[in-house]
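In my numbering, the protein residues as written are -2 to 385.
Glycine residues also receive a C-beta, built at the ideal position from the N, C-alpha and C atoms.
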Amino acid sequence: MAGREAAKNVLRAQRIELPSWAFGNSGTRFKVFAQQGVPRDPFEKVADAAQVHAFTGVAPTVALHIPWDEVEDYGALGRAAADAGITLGTVNANVFQDDDYKLGSVTNPDPAVRRKALDHLFACIDVMDRTGSRDLKLWFSDGTNYPGQDDIRARQDRLAEALEAVYARLSADQRLILEYKLFEPAFYTTDVPDWGTSYAHCLRLGERAQVCVDTGHHAPGTNIEFIVAFLLREGKLGAFDFNSRFYADDDLIVGAADPFQLFRILFEVKQAGGLAADSGIAFMLDQCHNIEPKIPGQIRSVMNVQEATAKALLVDTEALSAAQAAGDVLGANGVLMDAFNTDVRPLLAELREEMGLDPDPMAAYARSGYAERIVADRVGGNQAGWGA
Ligand code: PSV
Ligand code: MN
Ligand code: MN
-2 MAGREAAKNV LRAQRIELPS WAFGNSGTRF KVFAQQGVPR DPFEKVADAA QVHAFTGVAP
58 TVALHIPWDE VEDYGALGRA AADAGITLGT VNANVFQDDD YKLGSVTNPD PAVRRKALDH
118 LFACIDVMDR TGSRDLKLWF SDGTNYPGQD DIRARQDRLA EALEAVYARL SADQRLILEY
178 KLFEPAFYTT DVPDWGTSYA HCLRLGERAQ VCVDTGHHAP GTNIEFIVAF LLREGKLGAF
238 DFNSRFYADD DLIVGAADPF QLFRILFEVK QAGGLAADSG IAFMLDQCHN IEPKIPGQIR
298 SVMNVQEATA KALLVDTEAL SAAQAAGDVL GANGVLMDAF NTDVRPLLAE LREEMGLDPD
358 PMAAYARSGY AERIVADRVG GNQAGWGA
């Protein structure tokens, strides 16, 4: 087993970004179940995100989704975040919730709709300038439902044109992060369906264009850690949207469905140096808590990422390399499994105590009384904007 202290040092410096939309009501197209005490505005989402950081110590940024988190004064939102002990992070653009986007946003056959979508992306960059955010995360719902509906290659041309315009507008310290997703809402073609498409566009754009791997956005059975290893090798892995899925884009708590997959992914990240503080990889959650309480759901998610990371750090890489070089198939696999089967909860509890935190964040949050306070104080919370 690799060193506990070395593992703790990496875990102490780990940073996991929270999605603002995880704190609002969400659901499926069948029903959004309203919960009591959910945020009524972006300020309250930021306040809830700060709770997750207060109890875990490793989630000091919250990602925004525009226009879900549109406010008059982003300076005020940033100050509210700072007062609560966190900062504003990635800006996610939303060009998928407007009637005009029925046939697509930046790939729409109508130039007026494309212009409108591009203007929104520019507006998101203006928000970044005000919040000091580094990353613009782009996910396009664009695609078609029927063969023949539109020209596949022309749509790629329109996409490339929009991405170039956005990239040109970014400042030197800002990045474009392009997310892919196999299908949904488009059911026949999706314009950015996979890592290869995202990678190819990012490659053309330049160094500050990077791929986002959302762990819920692949076909069943896809080897996600291979994609991660490949992108890391090419210097093109910019971000994760962590969540877990049983069927499609389920947005469930990361590590809930397949903790072994999460471990395999984080092991590849670790092997490529991606856990270093300056790796440039944004580790974000992208989840919705449809039936479970939101803040504890986020705390659990952060803890799941920490546990998978701890196990990845405990892999005895010297023994692994030796077994691999010797062609010792079972030995090599055994080294990996030993780490995965280690109970890392005591190590993480110890780390939290060293960080001045409660060793059990879930219990500490439950004891804090915050959940009861927001139920009493907030009446008429909003839905996340997602799954309505
Ligand atoms: C799309 O399914 C996605 O994963 C993108 O990241 C969106 O911005 C996000 O979900 C919204 O929840
Ligand atoms: Mn996502
Ligand atoms: Mn998704």
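- Under the Cβ criterion (8 Å, minimum of three pairs), the stretch 246 to 257 does not count as touching the stretch 224 to 234.
- For residue 247, the Cβ stays outside the 8 Å cut-off from all heavy atoms of ligand 2.
- Residue 352 sits in coil when the DSSP states are folded into three classes, being neither helix nor strand.
- Here the alpha carbon of residue 83 sits roughly 13 Å from the alpha carbon of residue 73.
- DSSP links residue 277 through a beta bridge to no other residue.
- In this structure, the beta-carbon distance from residue 162 to residue 198 does not fall below 9 Å.
- Within a 10 Å sphere around the beta-carbon of residue 105 sit 16 or more other beta-carbons, which makes this residue buried.
- The three-state reading of DSSP puts residue 241 in strand, counting E and B together.
- Within the same chain, 71 come within 6 Å of residue 127 by CB-CB distance, once the 5 residues on both sides are set aside.
- Distances taken from the Cβ of residue 134 to the heavy atoms of ligand 3 include none shorter than 8 Å.
- Taking the Cβ of residue 265 as the reference point, every heavy atom of ligand 2 lies at 8 Å or farther away.
- Annotation for residue 176: the continuous beta strand (DSSP E) segment containing it runs 172 to 176.
- C-alpha of residue 1 to C-alpha of residue 51: approximately 24 Å in a straight line.
- For residue 318, the number of other beta carbons within 10 angstroms of its own is below 16, and it is reported as exposed.
- Remark: the shortest separation between the CB of residue 192 and any heavy atom of ligand 1 does not fall under 8 Å.
- Counted as a single uninterrupted DSSP element, the stretch harbouring residue 89 is not any alpha helix (DSSP H) but the beta strand (DSSP E) occupying residues 84 to 90.
- By the neighbour-count definition (other C-beta atoms within 10 Å, threshold 16), residue 130 is a buried residue.
- Pairing residue 141 with residue 188, the inter-Cα distance amounts to about 8 Å.
- If you draw a straight line from the Cα of residue 298 to the Cα of residue 55, it comes to about 12 Å.
- Here residue 159 has 103, 115 as same chain residues with Cβ atoms under 6 Å from its own Cβ, once five neighbours each way along the sequence are excluded.
- At a threshold of 8 Å, residue 62 does not count as near ligand 2, since its beta carbon sits no closer than that to any of the ligand's heavy atoms.
- With fewer than three CB-CB distances shorter than 8 Å, the stretch 164 to 177 does not count as touching the stretch 144 to 154.
- If you check the CB distance, residue 231 and residue 196 come in under 9 Å.
- For the pair residue 242 and residue 234, the CB atoms are not nearer than the 9 Å cut-off.
- Summarising the contact set, residues whose Cβ lies nearer than 5 Å to any heavy atom of ligand 2 are, in chain order, 211, 238, 283.
- Taking every protein chain shown into account, the CB of residue 261 has 16 or more other CB atoms within 10 angstroms, so this residue is buried.
- Judged by their CB atoms, residue 294 and residue 47 are not nearer to each other than the 9 Å cut-off.
- Counting along the chain, residue 16 sits inside no alpha helix (DSSP H); it lies in the beta strand (DSSP E) bounded by residues 14 to 16.
- Under the DSSP definition of a beta bridge, residue 121 lacks any partner.
- Cα atoms of residue 246 and residue 315: separation of roughly 37 Å, rounded to the nearest angstrom.
- For the pair residue 98 and residue 364, the Cα-to-Cα distance works out to about 45 Å.
- Annotation for residue 21 indicates a beta carbon at 8 Å or more from all heavy atoms of ligand 3.
- Measuring C-alpha to C-alpha distances from residue 205 to each of 211, 236, 80 identifies 236 as the nearest.
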